[in-house]
Structures are given as structure tokens and as C-alpha cells.
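*Asks:*
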Amino acid sequence: MRLTALKGIGEKTEELFIKLGVHNQEELLEFFPRDYELFFAPGSIGEIGYKTFGTIKGCFMEPVLQRRVKKLVITSGIFKDEIGASIKVVWFNAPYLKDLIKTGQPYVLKGRISRKYNVMQMDQPRIFSPEDYAEKMGTMQPIYPLTKGLTDTLIKKAISQVLDSGLMNDINENDIVPECVADEMGLCSREFAFRNIHFPGSREDLIKASARMAFEEIFLFIMTMKMNSESLRQESSVIVRPNEQTDAFLKGLPFKLTDSQEKVINDIRTDLGSGFVMNRLIQGDVGSGKTMVALAALMDCAFAGYQGAFMAPTEVLARQHYENITGLFKEHGINLNAALLIGSQTALEKRVIYDALEDGRINIIIGTHALFQEKVKYKNLGIVITDEQHRFGLKQRQALAEKGAMPHMMVMSATPVPRTLGLIIYGDMDVSTIDHVPVNRKPIKTAVVDDSYKPNAYRFIEKEVAKGHQVYIICPMVEYSEGLEAANVVDYTDMLKDVLDESIVIGMLHGQMNTAQKNEIMEKFAAGKIDVLVSTTVVEVGVDVPNATVMMIEDANRFGLASLHQLRGRVGRGADQSYCILVSNNSSKEAMERLDILKTSTDGFEIAAKDLEMRGPGEFMGVRQSGTIAFKCFDMFRDADLAVKASEAAGRILSGEIALTSRQKEALDIKAGSKFFIL
Ligand code: ADP
Ligand code: MG
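Using my numbering, the first residue of the sequence shown is number 630, and each one after it goes up by one.
1. Going by other Cβ atoms of all chains shown within 10 Å of its Cβ, with 16 needed for buried, is LEU835 buried or exposed?
2. Taking the continuous beta strand (DSSP E) assigned at GLN1206, which residues delimit it?
3. Going by Cα to Cα distance, which pick from LYS1071, ASP888 and GLN654 is closest to ASP799?
4. When you compare the CB positions of ALA1275 and ILE847, do they come within less than 8 angstroms of one another, or not?
5. Can you look up ALA1156 in the DSSP assignment and give me helix, strand or coil?
6. Relative to ligand 2, is the shortest distance from any of its heavy atoms to the C-beta of LYS919 smaller than 7 angstroms?
7. Please tell me whether, using a cut-off of 7 angstroms, the distance from the CB of ASP1016 to the nearest non-hydrogen atom of ligand 2 is below it.
8. Where THR1122 and ASN1214 are concerned, what is the direct C-alpha to C-alpha distance, given to the nearest angstrom?
9. I'd like to confirm something about VAL915: is its beta-carbon nearer than 7 angstroms to some heavy atom of ligand 1, or not?
10. Between GLN890 and ligand 1, is there a pair consisting of the residue's CB and a ligand heavy atom that are separated by less than 7 angstroms?
11. Looking at C-alpha atoms only, which residue of VAL810, TYR762 and MET1151 is the closest neighbour of GLU952?
12. Okay, do the segment 931-944 and the segment 867-875 touch, 3+ Cβ pairs below 8 angstroms being the bar?
13. Any Cβ of chain B within less than 8 angstroms of the Cβ of LEU1283?
14. What number of angstroms, rounded off, separates the C-alpha of SER1110 from the C-alpha of GLU864?
15. I'd like to check one pair, ILE784 with GLN1293: are the Cβ atoms closer than 8 angstroms?
16. Exposed or buried, what is LYS959 when buried is set at 16 or more other beta-carbons lying within 10 Å of its beta-carbon?
17. Could I get the ranges of all uninterrupted alpha helix (DSSP H) runs contained in the segment 1060-1130, with 4 residues as the minimum, in chain order?
18. If distances are taken between C-alpha atoms only, which option among LEU701, LEU694, LYS700 and LYS699 comes closest to ILE707?
19. CB-CB under 7 angstroms to THR633, same chain, minus the five flanking residues each way: which ones, in chain order?
20. Could you tell me the distance, in whole angstroms, from the CA atom of THR768 to the CA atom of ALA1185?
21. Taking the alpha-carbon of SER1042 as reference, which of GLY1051, VAL702 and LEU1227 has the nearest alpha-carbon?
22. Is the separation between the beta-carbon of ARG909 and that of ILE897 shorter than 8 angstroms?
23. Scan the segment 732-799 and note each continuous beta strand (DSSP E) run of 3 residues or more that stays entirely inside, going in chain order.
24. For TYR762 versus CYS688, is the C-beta distance shorter than 8 angstroms?
25. Buried or exposed for PRO724, please, with buried defined as at least 16 other CB atoms from any protein chain shown within 10 angstroms of its CB.
26. Can you tell me where the beta strand (DSSP E) holding ASN825 begins and where it ends?
27. Spatial neighbours of ALA1220 within its chain, please: CB distance less than 8 angstroms, with the 5 preceding and 5 following residues excluded, ordered by chain position.
28. Can you tell me which of PHE721, PHE646 and ASP988 puts its alpha carbon nearest to the alpha carbon of VAL698?
29. Quick one: give me the first and last residue of the beta strand (DSSP E) that GLN654 is part of.
30. Can THR732 and PRO759 be called in contact, C-beta distance under 8 angstroms?
31. Per DSSP, TYR665 is paired with what?
32. Who pairs with ASP717 in a beta bridge, going by DSSP?
33. Based on Cα-Cα distance, which residue from MET921, PHE1089, VAL1119 and CYS1104 lies nearest to LYS700?
34. Along the beta strand (DSSP E) that carries ALA938, what are the first and last residues, could you check?
35. State the DSSP-derived secondary structure class of ASP686, mapped to helix, strand or coil.
Next up, the structure:
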């Protein structure tokens, strides 16, 4: 069903949804909140204490003031609670508030708390009448991933309509989980799950709903994988021998490959020469040097006369791999033709690449999903490597096979997988592990600090920049979206321009910039033309700028440790001493202990496991694990037992013990074919 059939959605809005990957009403149902906003009972100002977020009730005794600073309109006022304590409140670029806010009238304000010179201030709060707020109190409101022009309110309205429509009649019918399995496990119905994942009736309902969705996800994943591996085992493939030019190139690098890298390259070469299709996962923590291993495989294939495709999850990363590889080829006089193919290129640019791929002029193609669009035809694709976690479903493999012979497949991942899950999740693949990082690395020095340390941090950053190094600053998180993420980066960058030495070049990166803009900024940063990059977590995956030595993360307490570990992995990639500054204003004992884990451990696996231990398995989305968890609901650490159950169920189905209905078979087939699995 088209989205435009919903009230309030015209063609323009439909386009925006499509940008988010939502093409129709069915997909809208599966467009899950990225988090939930809680509405606690409002308190007094004194109760805020060290919290970074507060909800207070009171009123403005004087009219709010408005002033202009450069391009910013700043609205501010003094808000008094019922006890008589007061706090300064500030809004940026919301001129309409001046007339909206009435003196002496009670309001509830909900917003971030910042502290400047130990004076508290509330930034950009939302304003409610006490009646409106009372209605929301105790509920969990969904927060969706947004794009410019779409608001949470609009999405909520659209989803409510779908939840009340005839579409829901099919929801339970289309269940791919056999009834007996769902019963045994006490899973809630699909309908209940969809309703409560969007609009939780309570925390308990949300946990039930999310367990059902998580099970479905992992069950589908395991079913696909098992069906996949059976058909793949004996698939024959091109034979590629180790190449001397590749060896010479590897020897000529400014560093020596680690033993781990050498071992993994050998594993790959054995596969490539076996006559059977390779299906291998390369696991290696951030910074372990996976790219070079991939490049060796691509070069062997290319020298043997086969094309290689190297796929990255984002354009930023694809472009970086492209620059890196073409740079190396040039430097080392390697006579192979590497090209880039990404969605944001013009139709003309793409046409040129398509032609060159089809007639074999391109040896190595680097890109995003664009590599496997229908229009792309390969002359003789020999290997497909996906960086950072993409896995192909059966149908994609078939589609690929149709583009040529069955290519070798290699997947690279930094996501730590609990050991008990390894066999279940990667059961269909051979696994190689790069188990130590290059020796020239100095361990990253990690500090956990609070706001009061920030002036020192900025001075430290100036010193590092003076040494010619570069810095990432991950911006404070925003509690609710509505475009604020971007505003946040912009505000923070403006603030930095005032506090850092003027000679320092500051750049910014956030999710609402278009791809071309993001690419441009990343390229400038990689080229050293930007000293300090203020960013949201978009830099989390894979980006490699070895000259960057400082990673400062604001609101660190609100990230999952695995995410923090990934972010920290953006520095410490060269020979220089690197630093990670975790800023946290939550000085509770638990919060500090949690972050302290990062001070003592550099092992991604250990960190993720400890994080779960501290969060407790019942904790639901309490901390964002963006990036590392690419399943929508399934969490490898939290839901390990669900995976075990799903694996058992899949085994019983494939052995014929449990029969699927024809409808289930059909649904499974469609779903298994349409999804990219990201691990
Ligand atoms: P990841 O495994 O996170 O993808 P990369 O492949 O991006 O890591 O490598 C991180 C950095 O380490 C790169 O700058 C790369 O050139 C460098 N590197 C790779 N292998 C080695 C090595 N054996 N010794 C020193 N540096 C290396
Ligand atoms: Mg990488």
C-alpha cells in the first residue's frame, strides 16, 4: 500500500520517507523508533543535581528577552520553580517564543542542562502546559530516525493510521515463526509487538514486543543462513593463485604486516586456490589492519584477470578506501585500474563506470550498494569483499552469480560476537581472526572527565593541533530529534570558534548534510585541511585518518561502551600517542564505573560483554549502541539465548520435524531474498 493513501502524506512527504528507506505502509510498520522519550513527573530545580537532563515546573516572572548574535537569535529568561529557586533558560533560533511565552503562567520545561562555571542553565527545552504534560506523563513516546522535513509527530500520525488499518489483519497471518515455536517461547503476537514497539503501553510491554521482534529477526537470519550454506558448500569458483606482484607490493609497504595479517592472507589464498567458492569472515578489532588484507585479496584476483568488488556501508568510507587504494597503487607503480561507484555520482559518471566494468577496463571497483544495482554488469567478477559487516542473503548471491560466475565472498567485521554465538551466527562461514593490532601502536590514553575539565581539554586540543595533529569532537547527544542534532553540531561548532585559537580550522559533520557535503568534509579532514572535526556519530564506522590523535566525546555516559570503543578506534591509528577524552556529567558511581572499563580495556569483545553485565540483560535501549548493532531489535549480547532458541527451531524446520505452512514458506522466501543482513 502506498504511503500517499495515508492522511497527511502527499507525494513530497512520500519522497522524504523514501529517503529513509520507507517505500510503503508495510515498511513504515517496520520503521522502528531509535529510542523512546520518557515523561517523568516534573520536579523542582534543586532536584536536578548532577543530571544532564531535567523536567521542571514553574513560570517566568519577567518577559523573556531576545537578542541577536551573528546569525543566531537567542531567547532567554529566568524560570522560577514553585519553591522559588530559579534557572536560566536559553533557546536558539526560536524567535516566535517571545510572543508565545506569557509571564506568570505555569509551564513545564523539559530539556538539557548545561553548566557554565558551575552555574546551571537549561538549553533548548520544550515547553508544555501543565495539562498537556500531565497527559503524556508516564508514557513512552517513540523517537524516530528523521530526515529534514519529517517530524516525529508526522511519523507517529502516519504509523497510528497504519496500525488502525486493514493491513493489520495480515500481520499475524504473515508470521514466519511457526506457531508451536512462538507458543513454547511465550512470544507475544506479532500484532501486539508492532503496536507496542511504536507506542508502548508500558515498559514491560515494550520488552515483550522487542523480544518478539528480536526473535523474528534472528530466526529469519538463521533460517536464511542455513538455507544458504547448504546451497553454497560445493559451489565451484574461479581459481586464483598467489601473485608475485602482490607480494612485492606488500613487502614494499612502509610497515611490516603483522603475523595475524599474514596468517589471514594465507587463509584467503588457500580458499582462492581451492576451486570452491570462498565464504569467509575476517574478524578483527578496530585498527587491526583489515583493509590491507582485503587489498591483498583484491590484487591477487585482479592480477589473475578477475574483477574484484569492495563494498563499504557508507559513501564516506567507500570514498576513503578508494582514495587510499588508488594512492597506494600510484605510489607503488601498480598497474591496476581501481574505480569508485557510489549513489551520489551523476548518471553520466555512473554510465562511464558501468561501461568500463562491463568491458573489463576496471579491475577493482570500490563502492556502496550501488555496486550491485541491476544496471551494473561485470565482465568477470571474481571476488566480492564487504567491509564492516554486510552479509549477503541467498537471493543477492544468486543475483551476483547471474552477473558472472559465482564470485568468492569475503566479509570483514569489527563487531565482537559473544563466543557462544559465533557458531550460530557465522555457522555458514569460515572464520579468520586478526587477533592483534600492529606493534607500532601506542595504547590510547583514555580519560573520563566532567564539564569542569573542558577548558583544559580545549587547551590540550590546541597543543595537539600545534603539533600538526587532528582532533575529533563528538557532539553532545540530543534527547529528542526534530532536526536538533544538526542544530547541536552547528551550535557547538560556533561555541568552539570562540574558545579555540582562531588559527584552528574547525569543520563539522552531521546526518542532515547531504552525501556530497559529507564527502567533501571527510576529504578535507583526511587531507589535513580541517584540524578539528565536530561531528555526530557518523564517523563511527571505519573512517581512517591516522594523523588524528584526539577523540573527545561529549555526553559519553549516554553511549554504549561498544560504540565508544568504535569511536575511540578512530584515533590511535598511527605511530603517535593518541588520546580519548570521555566527558560525562553523570557522576554517579555506576556511570563512572561503566566508563572506567574503557580506561582499562582495549579489547572490543571484553568491553561489550562487560557493558551488558553492567546494564543487566533487562535493560532496554537504555544506552545507544548505534552502529555496532545493525539488527533492528536483536542485540547479540542481550539476546544470546534467543539466538540459541532460534537456531534450534531452524534445525527442527530443516529436518522436517516442524512443517511450515505454505504461507510461511512464501513469506520466508520473500524476506530472505529481500534483506541485506548487517552484522
Ligand atoms: P581496520 O581493521 O579498523 O579496518 P585499517 O585497515 O583501517 O583498520 O588500518 C588502520 C591503520 O593501520 C591504517 O592506517 C593502516 O594503513 C595501518 N596498518 C595496517 N596494517 C599495518 C601494520 N602491519 N603495521 C602498521 N600499520 C598498519
Ligand atoms: Mg576498516
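From the three backbone atoms N, C-alpha and C, an ideal C-beta is built for every residue, glycine too.
*Replies:* The short version:
1. Only buried fits LEU835, as 16 or more other CB atoms lie within 10 angstroms of its CB.
2. Here GLN1206 belongs to no beta strand (DSSP E), and DSSP marks it neither H nor E.
3. Taking only the C-alpha atoms, the option nearest ASP799 is GLN654.
4. Remark: C-beta atoms of ALA1275 and ILE847 approach each other more closely than 8 angstroms.
5. ALA1156 falls in the coil class under three-state DSSP.
6. Yes, the Cβ of LYS919 comes within 7 angstroms of a heavy atom of ligand 2.
7. Yes, the beta carbon of ASP1016 sits closer than 7 angstroms to at least one heavy atom of ligand 2.
8. As the crow flies, the alpha-carbon of THR1122 is around 20 angstroms from that of ASN1214.
9. Under cutoff, so the answer is yes.
10. It does: the Cβ of GLN890 is within 7 angstroms (strictly closer) of some heavy atom of ligand 1.
11. Per the Cα distances, MET1151.
12. Proximity of the segment 931-944 to the segment 867-875 meets the contact definition, three or more beta-carbon pairs being nearer than 8 angstroms.
13. The chain inventory of the structure shown lacks chain B, comprising one protein chain alone.
14. The predicted position of SER1110 is uncertain, since its pLDDT is 45 and thus under 50; no value can be drawn from it.
15. No, the pair does not count as a contact, with Cβ atoms beyond the cut-off.
16. By the neighbour-count rule (16 or more Cβ atoms within 10 Å), LYS959 is not buried but exposed.
17. The DSSP assignment places complete alpha helix (DSSP H) segments of no fewer than 4 residues inside the segment 1060-1130 at 1083-1095 and 1113-1128, in order along the chain.
18. Shortest Cα-Cα distance from ILE707 to any of LEU701, LEU694, LYS700 and LYS699 involves LEU694.
19. Non-local beta-carbon contacts of THR633 in its own chain, meaning distances under 7 angstroms to residues more than five positions away in sequence, involve GLY639, GLU640 and GLU643 in chain order.
20. A direct Cα-to-Cα measurement between THR768 and ALA1185 gives close to 26 angstroms.
21. When each option's Cα is compared against that of SER1042, the closest is GLY1051.
22. Contact flag set, yes.
23. Complete beta strand (DSSP E) runs here, min 3: 736-745, 748-757 and 769-772.
24. Going by C-beta atoms, TYR762 is not nearer than 8 angstroms to CYS688.
25. By the 10 Å Cβ count, PRO724 comes out exposed.
26. No beta strand (DSSP E) holds ASN825; the alpha helix (DSSP H) holding it covers 819-827.
27. Result list for ALA1220: ASN1186 and SER1213, in chain order.
28. Each of PHE721, PHE646 and ASP988 was checked against the Cα of VAL698, and the nearest Cα belongs to PHE721.
29. No beta strand (DSSP E) holds GLN654; the alpha helix (DSSP H) holding it covers 654-658.
30. Taking 8 angstroms as the cut-off, the Cβ atoms of THR732 and PRO759 do not count as close.
31. Bridge partners of TYR665: PRO771.
32. First, the residue type needs correcting, since residue 717 is Lys and not Asp in the sequence shown. DSSP lists ILE707 and GLN750 as partners of LYS717.
33. Of the listed residues, the one whose Cα sits closest to LYS700 is VAL1119.
34. Looking at the DSSP string, the run of the beta strand (DSSP E) that includes ALA938 is 936-940.
35. Before going on, a small fix: residue 686 reads as Lys here, not Asp. If DSSP states are grouped into helix, strand and coil, LYS686 belongs with the strands.
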